[in-house]
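Novice: Right, I'll just put the structure down here and ask away after.
In the UniProt record's numbering, the protein residues as written are 1 to 299.
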């Protein structure tokens, strides 16, 4: 990882274009995101601000970057994948600003709890895969899953939680707002020969009601939510609270002290009549003060 970091720093120094430290201060080279797997594979994504450059000029810069990392001094980084994204915003999805593969494999592959997962550059996957296995098993154990239950996997990402849970429940329905993540989840289910799962692309508040209608009023549903640092939109919590078949909800929080996340907890208890029964901390980031929390809510 350090070799990749140093190589990119050197590239910025020799580039004719300056780094972009702030969106409003000019510059071009925004960030360089590196993902690694337990087998040592590396995927890097260079994010570039085009400013007023023509598309042809931006494409030329992408080719220069490729040349450096494939045939130049950066080749020692031994990247498995190199992506380039021209983005004018703080962050761009693949739909807003397409990720261009400059070199190597389209995806990374990672093993987790006996399953293999495909990971796209725009898909979420826990950075500490060994600890992630502990995190997800803790969440599933908290839910007391049985073969009569259907698991609702909200913010499913690449399908990790749902696929791991498929061994213990009747079926799984996962949903995520990122289309590439859902494609990965579908691929991962096929890859691992998991047949009792379904993944849907869309906003949870719009997807949940239709899923519930399809399952029927007599279904026993347990929800697992794994949102980003800012938690879930109140409309998502409302949809979950309105679903009376959900008697248990497991909330995996990476920043429980975030104001919106705290509001999620209050809304679950006030609007949904849930009670917080158990909190399990999982240390995903050793040598830091940060910890993930697995919270079990019951009606």
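Positions of the beta carbon are idealized from the N, C-alpha and C atoms, including for glycine.
What is the DSSP secondary structure of residue 174, counted as helix, strand or coil?
Specialist: Here residue 174 refers to the residue found at position 174 of the chain shown. Residue state, collapsed to three classes: strand.
Novice: In this structure, how does DSSP classify residue 104 when only helix, strand and coil are distinguished?
Specialist: Position 104 of the chain shown, counted from the first residue, corresponds to residue 104. Three-state result, residue 104: strand.
Novice: With residue 86 and residue 97 assumed to form a contact (beta carbons below 8 Å), what rounded beta-carbon distance in angstroms separates them?
Specialist: Numbered from its first residue, the chain shown carries residue 86 at position 86. Numbered from its first residue, the chain shown carries residue 97 at position 97. About 6 Å separates the two Cβ atoms, so the contact holds.
Novice: Here's the rule I'm using: 16 or more other beta-carbon atoms within 10 Å means buried, otherwise exposed. How should residue 149 be labelled?
Specialist: Within the chain shown, numbered from 1, the residue matching residue 149 stands at position 149. By the 10 Å Cβ count, residue 149 comes out buried.
Novice: By the DSSP assignment, the beta strand (DSSP E) with residue 223 in it spans what residues?
Specialist: Residue mapping note: residue 223 aligns to position 223 of the chain shown, counting from 1. Looking at the DSSP string, the run of the beta strand (DSSP E) that includes residue 223 is 220-225.
Novice: Is it true that the region 175-192 meets the region 155-163, where meeting means three or more beta-carbon pairs spaced less than 8 Å apart?
Specialist: A contact exists between the region 175-192 and the region 155-163.
Novice: Could you give the distance in angstroms between the alpha-carbon of residue 195 and the alpha-carbon of residue 40?
Specialist: By one-based count along the chain shown, residue 195 stands at place 195. By one-based count along the chain shown, residue 40 stands at place 40. Straight-line Cα distance between these residues: approximately 30 Å.
Novice: Under a three-way DSSP split, which group does residue 148 fall into?
Specialist: Along the chain shown, read from residue 1 onward, the residue named residue 148 stands at position 148. Here residue 148 sits in coil by DSSP.
Novice: Comparing C-alpha positions only, which one of 37, 142, 102 and 66 sits nearest to residue 110?
Specialist: As a position in the chain shown, residue 110 is number 110, starting the count at 1. Nearest Cα to residue 110 within the set 37, 142, 102 and 66: 37.
Novice: Below 9 Å between beta carbons: does that hold for residue 124 and residue 164?
Specialist: On the chain shown, position 124 is the one that residue 124 refers to. On the chain shown, position 164 is the one that residue 164 refers to. No, Cβ-Cβ distance for residue 124 and residue 164 is not below 9 Å.
Novice: What is the rounded straight-line gap between the Cα of residue 3 and the Cα of residue 14?
Specialist: The count along the chain shown starts at 1 and reaches residue 3 at position 3. The count along the chain shown starts at 1 and reaches residue 14 at position 14. Roughly 17 Å between the two C-alpha positions.
Novice: Runs of 3 residues minimum, wholly inside the region 226-262: which ones carry the beta strand (DSSP E) assignment?
Specialist: 246-253
Novice: Do the region 241-248 and the region 281-295 meet, that is, are 3 or more Cβ pairs less than 8 Å apart?
Specialist: no
Novice: At what residues does the alpha helix (DSSP H) containing residue 70 begin and finish?
Specialist: The sequence position of residue 70 within the chain shown is 70, counting from 1. Residue 70 -> alpha helix (DSSP H) spans 55-70.
Novice: Since residue 19 sits in a beta bridge, which residues does DSSP pair it with?
Specialist: By 1-based counting over the chain shown, the position of residue 19 is 19. Beta-bridge pairing links residue 19 to 29.
Novice: Give me the DSSP bridge partner(s) of residue 298.
Specialist: As a working note, residue 298 is residue 298 in the chain shown. BP columns for residue 298 point to 248 and 275.
Novice: Closest to residue 49 by CA distance: which of 67, 200 and 92 is it?
Specialist: One-based indexing of the chain shown puts residue 49 at position 49. Closest option to residue 49, Cα to Cα, is 92.
Novice: Could you tell me which of 211, 282 and 67 sits nearest to residue 171, measuring between CA atoms?
Specialist: Along the chain shown, one-based indexing puts residue 171 at 171. Checking every option, the nearest Cα to that of residue 171 belongs to 211.
Novice: Give me whichever residues DSSP pairs with residue 153 in a beta bridge.
Specialist: Along the chain shown, one-based indexing puts residue 153 at 153. For residue 153, which the question treats as bridged, DSSP gives the partners 174 and 224.
Novice: Since residue 375 and residue 173 are thought to touch, with beta carbons under 8 Å apart, how far apart are those beta carbons, to the nearest angstrom?
Specialist: Because the chain spans 1 through 299 in this model, residue 375 falls outside it and cannot be assessed.
Novice: Along the alpha helix (DSSP H) that carries residue 130, what are the first and last residues, could you check?
Specialist: Numbered from 1 along the chain shown, position 130 holds the residue referred to as residue 130. Per DSSP, residue 130 belongs to the alpha helix (DSSP H) from 129-142.
Novice: Residues in the same chain with beta-carbon distance under 8 Å from residue 138, minus the five sequence neighbours each way, listed in chain order, please.
Specialist: Position 138 of the chain shown, counted from the start, is the residue given in the question as residue 138. Same-chain partners within the cutoff: 280, 282 and 294.
Novice: Look at the alpha carbon of residue 120 and the alpha carbon of residue 129, and state the distance between them as a whole number of angstroms.
Specialist: Taking the chain shown and counting its residues from 1, the one referred to as residue 120 is at position 120. Taking the chain shown and counting its residues from 1, the one referred to as residue 129 is at position 129. Distance between the alpha carbons of residue 120 and residue 129 is about 16 Å.
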